[in-house]
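This report concerns only the one structure given below.
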Amino acid sequence: MTTETKSDSDGYSDGGGIRGAGARGMGRAALRGLGLALVLLPGAVLCFTLSLVSIVLIPIGVGILTTGWVLTGVRVFADWRRVLAAEWCGVLIPSAYRPVPENANPWTRTFGMLRDPATWRDLRWLPVDMTAGFVTALLPAALLIYPLEGFALAAGLWRVFPDGYWYGFVPVTGQATAFAAGALGLGLLFLAHFFTLRLLPVHFRLTRWMLASNQRELAERVKVLTDTRRDAVDTSAAELRRIERDLHDGAQARLVAMGMDLGTIEMLLDKDPEQAKRLLSQARQSSADALTELRELVRGIHPPVLAERGLGDAVRALALRMPVPTETNVDLPGRAEAPVEAAAYFAVSEVLTNAVKHADADRIWIDLHHVDEGAEGAGGIGMLRISVTDNGKGGAAIGAGSGLAGVERRLGTFDGVLAVSSPAGGPTMVTLEIPCALS
Amino acid sequence: MRVVLAEDLFLLRDGLVRLLEAYDFEIAAAVETGPELARALAELEPDVAVVDVRLPPTHTDEGLQCALDARRDRPGLPVLVLSQHVEQLYARELLADGTGGIGYLLKDRVFDAEQFVDAVRRVAAGGTAMDPQVIQQLLSRRAADDRPLGRLTPREVEVLELMAQGRTNAAIAEKLVVTERAIAKHTSNIFAKLGLEVSDDDNRRVLAVLAYLDQDR
């Protein structure tokens, strides 16, 4: 224990550690490894046992009180190792614990920590640490100390063991074999010269591998999010431009014309009632047209049935408007968030339009359901799954420029995916999946 | 004739009250939320209800649901549903019980006061008033995949549209500026081509037409 404290403070005082090459560096690495090994074994065993016992005791209530504290202890233990890894070997292990509120009650504290994947990484790491971690930490010291035993045997220690003694693979029975043991010790020391300095970093890399979340996965995820965000921003900007143009050229213009007509009518009312009457009916027509255009515009932004009834009925209403007989099968126990519903609705709408325009189908089936959490690949919150099948001539593809590529991009914002199965000759089946929870 | 009116936009509610009063309707209540409507329908026993689909507090289809609930409690209670948009889905729900006294119109239809009031009276009398948009959607879809409709002459399609909206032969004759006898001839041709039973009851006639147009859906 004392050795450990010493080497620990060493690490803090002259940080450089491994860079101090040669015998001194090897000695320090061996000392540090030995100290680390001696502390980590009881530490890891204690942490692991306490965690297990505490978690097992949750059902009877005791665990709810203790687990938070035990897991905090585990984090301190793991964080101490992170510090050592950085100080001694320059191995950076990111700490990614979710924050626990300062004055949280034991219940939220315990379950908040249990929900954190980092907690489970800690608990997975502990058994590895007390076995493979212990060995890799101990090896640098062993590689230095074991040769000393060989030299001691060669120097005469062999006489203490009259019945023979195994040193490595050498059976020591006399001076000759004792020299052989000494030679082996020399060989080991030679090896130690190469490996001692590398073994401690191996230990910390093992620790990092167990403790750190998968960095490459994260980087990939960041890239996907950046791409889909750019797409979403582009799409919504284009959408706003379209709405502005439609309002400007359509309803707005008609209302202006209507105002002008009304002004003229005011003038004509006494002079030429016939003409005024004609203009009046024209003004009424203008207002009706403006309403129709506004209605279409609203349908394009947020379809009324979707707002009133949610995705299921909105898709049913959509199916009723299709010129091709369309069957809908909806199984949604609740409503998804509004943006998800809108994305799913417009995706279905686009797929249906494609089917009607290009597939030459005389029947379409829409199936809409939600897969619960815990089911395959649902990521814990569930998955909205929609399939649109037609009996047309097939040959649909997701390629640049096709309508389906646009759908795919839109779904990307919600981590949704689009799959198309459409052999030439048909039938075509388009499947959409969006991870989401229902409320 | 006593009317319960539900519309959340003040301007429209006010306009409707004035319009209906100008045509000698008695406004029993003019309310703006779903719960108020439900209470008014239960307590005031109006001759007809004019209801907006979207009402507070949910601003979803609360008005429509209130109307459907009220008709469940009091079958045949005449309800005219107004909406900023018309959907076949809602039209089907309203017509589902087959008791008549149902109207479903775009709010724009109040532009033509005469026709709107005519629709209210028709619904109050147990007839139907379906918006031309709903009927046209049905007709165009049916025409795409169904032969009997293709066999109708353009004039017969026109008559069928008006018939499905809930108009009587007299009203259709007036609208198309022909004699009632001519319309009677057209309707019997239509019924023959579509294979529908001829019926004296105007309401049943509409339901028969709609059922035919809507079948297999």
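Taken in order, these protein sequences are the chains called A and B.
In terms of this note's numbering, the first sequence opens at residue 513 and continues consecutively.
In terms of this note's numbering, the second sequence opens at residue 128 and continues consecutively.
All C-beta atoms in this analysis are idealised placements derived from N, C-alpha and C, irrespective of residue type, glycine included.
* Measure the C-alpha to C-alpha separation of Pro713(A) and Gly545(A) and round it to an integer number of angstroms. => 10 Å
* To do: Closer than 9 Å, Cβ to Cβ, to anything on chain A: give me those residues from the region 203-227 of chain B, in chain order.
  => Ser210, Gln211, His212, Glu214, Gln215, Leu216, Tyr217, Arg219
* Which class does Pro785(A) belong to by DSSP, given the choice of helix, strand or coil? -> helix
* For Leu81(B), the nearest candidate out of Pro259(B), Ala240(B), Asn296(B), Ala133(B) (CA to CA) -> Look at the range of chain B in this structure, 128 to 344, and you will see that residue 81(B) is not part of it.
* Hey, is Ala291(B) close to the ligand MG, as in C-beta under 7 Å from one of its heavy atoms? -> Among the components modelled here there is no ligand, and therefore nothing to report on the ligand MG.
* Under 7 Å Cβ-Cβ, which residues of chain A neighbour Gln264(B)? -> Arg833
* **Start-to-end residues for the alpha helix (DSSP H) that takes in Met625(A)** => 618-627
* Range covered by the alpha helix (DSSP H) that runs through Ser315(B) -> 307-321
* To do: State buried or exposed for Arg199(B), treating a residue as buried only when at least 16 other CB atoms are found within 10 Å of its CB.
  => exposed
* Nearest chain A C-beta to Phe137(B) closer than 8 Å, yes or no? -> no
* Asked: Any beta-carbon of chain A closer than 8 Å to the one on Arg145(B)?
  -> no
* **Integer Cβ distance of Pro652(A) from Ala541(A), believed to fall under 8 Å** => 5 Å
* What residues from chain A crowd round Arg198(B), counting only those whose CB sits closer than 9 Å? -> Under the 9 Å cutoff, chain A gives no residues; its nearest Cβ is about 19 Å from Arg198(B).
* To do: Identify whether Gly104(B) lies in helix, strand or coil by the three-state DSSP scheme.
  => Since the first residue shown for chain B is 128 and the last is 344, residue 104(B) is missing from the structure and cannot be characterised.
* Do the CB positions of Ala693(A) and Pro606(A) come within less than 8 Å of each other? -> no
* How many Å lie between Gly822(A) and Arg847(A) at the Cα? -> 6 Å
* Asked: Between which two residues does the alpha helix (DSSP H) carrying His715(A) extend?
  -> 687-723
* Helix, strand or coil for Ser934(A) per DSSP? -> coil
* **C-beta atoms of Gly676(A) and Val682(A) nearer than 8 Å** => no
* **Partners in chain B for Ala795(A), counting only beta-carbon separations shorter than 9 Å** => Under the 9 Å cutoff, chain B gives no residues; its nearest Cβ is about 11 Å from Ala795(A).
* Boundaries of the beta strand (DSSP E) in which Trp877(A) is found, first to last residue -> 876-883
* Straight-line gap, Pro837(A) to Gln264(B) (C-alpha atoms, nearest Å) -> 13 Å
* Count the other CB atoms, across all protein chains shown, that sit within 10 Å of the CB of Asp782(A); report buried if there are 16 or more and exposed otherwise. => exposed
* Where DSSP assigns a beta bridge to Leu132(B), which residues make up the other side? -> Ala157(B), Val177(B)
* Asked: Which word fits Gln687(A), buried or exposed, when buried means at least 16 other C-beta atoms lie within 10 angstroms of its C-beta?
  -> exposed
* Under 8 Å Cβ-Cβ, which residues of chain B neighbour Arg593(A)? -> What Arg593(A) touches in chain B: nothing, since even the nearest Cβ is about 55 Å away.
* To do: Could you tell me the distance, in whole angstroms, from the CA atom of Ile572(A) to the CA atom of Thr578(A)?
  => 12 Å
* To do: Pick out whichever of Leu818(A), Ile777(A), Phe691(A) has its Cα sitting closest to the Cα of Ala850(A).
  => Leu818(A)
* Hey, quick one: how far does the beta strand (DSSP E) through Arg897(A) stretch, first residue to last? -> 895-902
* CB contact below 8 Å: Trp820(A) versus chain B -> A small correction: the amino acid at residue 820(A) is Glu; Trp does not occupy that position in the sequence shown. So yes, Glu820(A) belongs to the interface.
* Check the Cβ-Cβ distances between Asp825(A) and every residue of chain B, and say whether any is below 8 Å. => yes
* Asked: DSSP on Pro947(A), reduced to helix/strand/coil?
  -> strand
* With a CB to CB cut of under 8 Å and the five nearest residues on each side skipped, what residues in its chain are close to Ala300(B)? -> Thr306, Glu307, Ala309, Ile310
* In angstroms with no decimal places, state the Cα-to-Cα distance between Glu163(B) and Ile154(B). => 15 Å
* Evaluate Ala873(A) with the Cβ neighbour count: other Cβ atoms within 10 Å of its Cβ, from every protein chain shown; 16 or more gives buried, anything less gives exposed. => buried
* To do: Report yes or no: do the region 275-288 of chain B and the region 234-249 of chain B share at least 3 C-beta pairs separated by less than 8 Å?
  => no
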